[in-house]
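Keeping their order, the protein sequence lines are chains S and F. Just so we're aligned: 134 in numbering that gives the first Met the number 0 is position 135 of the first sequence, and the numbers increase by one with no gaps anywhere. Just so we're aligned: 90 in numbering that gives the first Met the number 0 is position 91 of the second sequence, and the numbers increase by one with no gaps anywhere. Built from N, CA and C at the ideal position, the CB exists for glycine as well. What follows is a single structure, written as structure tokens, with notes after it.
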Amino acid sequence: MVHIAGSRAGIRRANDLFGKFSAAHHLPAGAVWPFQIALDEMLSNIVDHGGSARPRAKAKSSKAGIDIEFRLDQGVLELTIQDDAGAFDPLTAPAPDTTAPIESRPVGGLGIYLVRRLMDAVEYERKDGRNRLVCRKKIEA
Amino acid sequence: MRIAEERGSGVVVVAPGGRVDSVTSSALEAKLLGHVRSGDTRLVIDLEAVDYISSAGLRILLRVANELRPMGGTLVLCAMAESVREVFELAGFTALFSIETSRDRAVARARAEA
Numbered sequence: 000m001v002h003i004a005g006s007r008a009g010i011r012r013a014n015d016l017f018g019k020f021s022a023a024h025h026l027p028a029g030a031v032w033p034f035q036i037a038l039d040e041m042l043s044n045i046v047d048h049g050g051s052a053r054p055r056a057k058a059k060s061s062k063a064g065i066d067i068e069f070r071l072d073q074g075v076l077e078l079t080i081q082d083d084a085g086a087f088d089p090l091t092a093p094a095p096d097t098t099a100p101i102e103s104r105p106v107g108g109l110g111i112y113l114v115r116r117l118m119d120a121v122e123y124e125r126k127d128g129r130n131r132l133v134c135r136k137k138i139e140a
Numbered sequence: 000m001r002i003a004e005e006r007g008s009g010v011v012v013v014a015p016g017g018r019v020d021s022v023t024s025s026a027l028e029a030k031l032l033g034h035v036r037s038g039d040t041r042l043v044i045d046l047e048a049v050d051y052i053s054s055a056g057l058r059i060l061l062r063v064a065n066e067l068r069p070m071g072g073t074l075v076l077c078a079m080a081e082s083v084r085e086v087f088e089l090a091g092f093t094a095l096f097s098i099e100t101s102r103d104r105a106v107a108r109a110r111a112e113a
């Protein structure tokens with residue numbers, strides 16, 4: 000588990016860490032980008048909205064402690080994100096209407112929708128006062 | 000974020016490189032809206048050098064298209080990598096935008112429309 004700040008700088012750092020992990024494991028480019036998107040969607044969600052569930056969090060960059068972990072096990076890549084912001088299960092968000100015309104196209108919920116479609120599995124649990132989200136996908140060699 | 004630009008025959012081509020995500024997209028948004036607001040209403044966004052686009056980037060494209068429409072402007076996207084194309088398809092964005100395979104075709108289309 001690596002701790003990152005609940006800010007844009009923290010997201011940037013997470014991106015860099017994943018870049019290093021991908022290089023060290025020689026992950027093919029086609030396996031990397033879905034996880035880069037998952038990282039960006041889930042972390043920006045926590046940074047932008049995570050604090051709002053807590054009354055004291057008014058600051059732009061939330062004080063929410065975020066921990067991330069990457070694991071590659073038997074060809075399955077797993078990204079785990081934990082944060083101590085207010086309880087929020089992103090998997091309960093309704094899917095956006097992806098057929099609406101451009102002038103009324105909703106963008107709320109689009110990020111989570113993309114992640115669910117790009118991953119083989121996304122799981123959420125609230126445990127010990129923390130949100131825990133796991134994204135999993137089989138890597139095609 | 001690297002953003003290359005090229006202008007010719009009334010069309011401005013903007014070519015971002017690398018990641019288009021929650022960290023980088025505000026720079027791209029400022030660049031694109033700057034063009035729109037200064038009257039460059041025939042825009043091509045060349046996506047060839049983009050590694051991936053997240054919903055933060057999609058949101059900006061939508062915003063630019065919606066600002067251009069009442070001005071009678073044109074937005075054409077081109078040269079999407081596989082990663083970008085797949086996200087567009089999943090998000091249902093393919094139907095919303097004019098998309099060409101190459102920059103030349105996109106510029107020609109932007110010039111012909113509007």
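Using only the alpha-carbon positions, how far apart do S/LYS57 and S/GLY64 sit?
A caution first: S/LYS57 carries a pLDDT of 45, below 50, which makes its placement in the model unreliable, though a value can still be read off. Straight-line Cα distance between these residues: approximately 15 Å.
So, do the stretch 41 to 57 of chain F and the stretch 72 to 91 of chain F have three or more beta carbon pairs nearer to each other than 8 Å?
Between the stretch 41 to 57 of chain F and the stretch 72 to 91 of chain F, the count of C-beta pairs closer than 8 Å reaches three or more; the two stretches touch.
Can you tell me whether DSSP reads S/ILE10 as helix, strand or coil?
helix
Looking at the unbroken alpha helix (DSSP H) that takes in F/SER82, where does it start and where does it end?
81 to 90
Using the Cβ count rule (16 or more neighbours within 10 Å means buried), how would you classify F/ALA109?
buried
Alpha-carbon spacing of S/TYR123 relative to S/THR79, whole angstroms:
10 Å
For F/VAL86 and chain S, any beta-carbon pair shorter than 8 Å?
yes
With three or more C-beta pairs closer than 8 Å as the rule, is the stretch 84 to 96 of chain S touching the stretch 112 to 128 of chain S?
yes
If you measure from the CB of F/THR40, is any heavy atom of the ligand PLP nearer than 7 Å?
With respect to small molecules bound, the structure shown includes none, and the ligand PLP cannot be examined in it.
Using the Cβ count rule (16 or more neighbours within 10 Å means buried), how would you classify S/GLN35?
buried
Check the Cβ of S/ILE160 against every Cβ in chain F and list those closer than 9 Å, keeping chain order.
Here chain S comprises residues numbered 0 to 140, so residue 160 of chain S is not present and cannot be evaluated.
Assign S/ARG104 to one of two classes, buried (16 or more other C-beta atoms within 10 Å of its C-beta) or exposed (fewer than that).
When all chains shown are included, S/ARG104 counts as buried.
Anyone know if the C-beta pair for F/VAL63 and F/VAL35 falls short of 8 Å?
Yes.
If we ignore side chains and look at the alpha-carbon of each, how far apart do S/ASP127 and S/VAL133 end up?
16 Å
What residues in its chain sit with their C-beta under 7 Å from that of F/GLY9, if we drop five residues either side in the sequence?
ARG41 and ARG110
Interface flag, S/ILE65 vs chain C, CB-CB below 8 Å:
Among the protein chains in the structure shown, which are S and F, there is no chain C.
Mapping the DSSP letters down to three states, classify S/HIS24 as helix, strand or coil.
coil
Looking at the strands, I want to know which residues DSSP matches up with F/LEU42.
F/VAL11 and F/LEU74
Nearest candidate by alpha-carbon position, reference S/ASN14, set F/GLY33, F/THR23 and F/GLU88
F/THR23
Opposite F/GLY17 in the DSSP bridges: which residues?
F/VAL49
For the beta strand (DSSP E) that contains S/ARG104, what are its first and last residues?
S/ARG104 -> no beta strand (DSSP E), and no H or E assigned at all.
Does the CB of F/GLY91 have a neighbour CB from chain S at under 8 Å?
yes
Name the chain F residues whose beta carbon is nearer than 7 Å to that of S/THR97?
ALA90 and GLY91, listed in chain order.
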